[in-house]
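Residue numbers (UniProt numbering): 1 to 207.
Quick reminder that beta carbons are idealized off the backbone N, C-alpha and C, glycines included.
Only a predicted model underlies this, so the values are computations on that prediction, with no experimental measurement involved.
See structure below.
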Ligand code: 3NM
């Protein structure tokens, strides 16, 4: 289920990716997306395999960015695609019917198209300014609520998330909050993850 804190890994320049992800999982991250664009294929596979073990220990989902073959080979829970990557149909052929396919979207049109093509969830952003990714489209909270009204599949809000901004994105209808620097660049990724994760408890039904 796509809900809660959706942590995306950073570029692992410090080499602490596994330590930080483990802390974030303990803090309450529910989904981990492994995003490793410019590294050696064997190293990517080795880290993905270790992330898979960590995610299983914490009953969290593991999504692989960009590489459906890798997702299939390590039995990850799904793959995440950008607008310029292969189609949902092609990715589905590789990873199979029971896995998740997510797509990055930046407008209501892209969101509707992703849903029509069979995506299991969409990410929508950048909701707030961010320096983590170049060439973003700044979409804002208003378009986030428009997308919420337009599609039925789970909606992940991304871009520049702090706990306060995440709270307003949840109010605008996001099912999950995707975060890179807000957790991975924090001195205490476990505490940072917990702050995001706790936001979702507000919406739990009362006993
Ligand atoms: N995709 P941070 S924004 C990976 O808008 C990514 O599609 C975006 O990093 C999009 O949490 C983004 O540090 C970067 O702002 C998110």
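Taking the CB atoms as reference points, tell me whether residue i and residue j lie closer together than 9 Å.
i	j	result
residue 156	residue 135	no
residue 35	residue 70	no
residue 197	residue 30	yes
residue 163	residue 199	yes
residue 6	residue 179	yes
residue 141	residue 169	yes
residue 50	residue 18	yes
residue 85	residue 66	yes
Report the option in the options whose CA atom is closest to the CA atom of residue i.
i	options	result
residue 129	92, 158, 52, 67	158
residue 64	86, 80, 112	80
residue 32	108, 48, 82, 192	48
residue 88	104, 60, 73, 75	104
residue 161	126, 57, 191	126
residue 78	39, 62, 85, 137	62
residue 90	109, 111, 117	117
residue 23	57, 86, 2	57
residue 39	18, 86, 11	11
residue 37	140, 93, 82	82
residue 55	150, 177, 8	8
residue 109	141, 75, 150, 137	150
residue 2	177, 21, 201	177
residue 137	106, 115, 113	106
residue 93	165, 75, 115, 68	68
residue 192	16, 15, 21	21
Taking the beta carbon of residue i as the centre, do at least 16 other beta carbons fall within 10 Å, making it buried, or is it exposed?
i	result
residue 4	buried
residue 52	buried
residue 152	exposed
residue 41	exposed
residue 194	buried
residue 43	exposed
residue 28	buried
Tell me, to the nearest whole angstrom, how far the beta carbon of residue i is from that of residue j; I am working on the premise that it is less than 8 Å.
i	j	result
residue 132	residue 167	20 Å between Cβ atoms; not a contact.
residue 26	residue 190	5 Å
Between the stretch 122-138 and the stretch 90-101, do three or more beta carbon pairs fall short of 8 Å? no
Inset, instruction - Check whether the stretch 178-192 touches the stretch 141-151, counting contact only when three or more Cβ pairs, one atom from each stretch, lie closer than 8 Å. - result: no
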